[in-house]
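Residue numbers (this note's numbering): 0 to 312. Glycine included, each C-beta is placed from N, C-alpha and C at the ideal position. Note that the coordinates shown come from a computational prediction; the quantities given were computed from them, not determined experimentally.
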Ligand SMILES: [Zn+2]
Ligand SMILES: [Zn+2]
């Protein structure tokens, strides 16, 4: 059955591609044995299909890039390596960061930035860091308690509490372990202005959240004023894998795990130290009652910086 799906995907059957993507989220390992065939048949998209790739497949992808005659597939092949998060892939990406493979002049990012697309940060000196958690929990919406929020300095809408969770709760502690954060994580942002640019907040472990002085209004910002959603996410049941956040459908909001990016992955750079920030939660527009897009909450705990960005199709 999986083989039929792979063959259909190779013939541009997008339902089959979508089905494979769902399997890659719910049970990535079940695709592992079919990845050599996918690679042979040219099923290279979406790269999340290759999450469970073994060293044999990773080596084939690296060889294909090194051979220089796959430069029209270079972007897809590098994305695949990013999503494998394997040691072999890390070595190759570091090598290509200093001596880029054939076709790199057509790319918009350098080799190491492809790791970010798969949720890890690689530095040239050999260090690596997971930006996503290995465990994930559903987030369900409940009515937000009435409170006075400060106004957004740009549009005057009341700021929106996008998350208010405490690591006293086992699930929260587990989902945040990759960030090193403990305490009450409360993130306030502007639900309108975060649609135009990544918005930063300075946070403290006692639930403090303050608009960051580093926020810079883009010239295309539209300053309308609206009430934010009066909903607050609560932690629900554990997801079977870290890959089941869903940016498109109701019930997709998730704490921890890996985000489903609608566009390219967008790990914000910490305003304090410049490092890529950790992914914490996806809040889907579908769960907020407006159906579209998703908010991505990020954190760099050592610096006390949180960020929220928004993506839509
Ligand atoms: Zn605003
Ligand atoms: Zn930082």
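Kindly indicate the opening and closing residues of the alpha helix (DSSP H) around residue 83.
73-83
Integer-rounded CB distance, given that residue 297 should sit under 8 Å from residue 276
4 Å
Just verifying my parser: in three-state terms, what is the DSSP assignment at residue 119?
strand
Figure out for me which residue from 46, 120, 51, 278 has the closest Cα to the Cα of residue 17.
46
Taking DSSP's pairing of strands, which residues face residue 192 in a bridge?
BP columns for residue 192 are empty, so no partner.
Taking Cβ to Cβ, would you say residue 142 is nearer than 8 Å to residue 43?
no
Could you pull out every residue in the same chain whose Cβ sits closer than 7 Å to the Cβ of residue 210, ignoring the five residues on either side in sequence?
152, 200
At the level of alpha carbons, what is the spacing between residue 303 and residue 232?
21 Å
Is there contact between the segment 107-124 and the segment 68-81, where contact requires at least three CB pairs shorter than 8 Å?
yes
Would you check if there are 3 or more beta carbon pairs closer than 8 Å linking the segment 64-78 to the segment 96-104?
yes
Where residue 31 and residue 53 are concerned, what is the direct C-alpha to C-alpha distance, given to the nearest angstrom?
7 Å
Please return the same chain residues whose Cβ sits closer than 8 Å to the Cβ of residue 130, not counting the five positions on each side in sequence.
115, 118, 119, 120, 177, 266, 275, 276, 277, 278
Near residue 154, what residues of its chain come up, given a Cβ to Cβ distance below 7 Å and the 5 sequence neighbours on each side ignored?
189, 191, 192, 222, 223, 224
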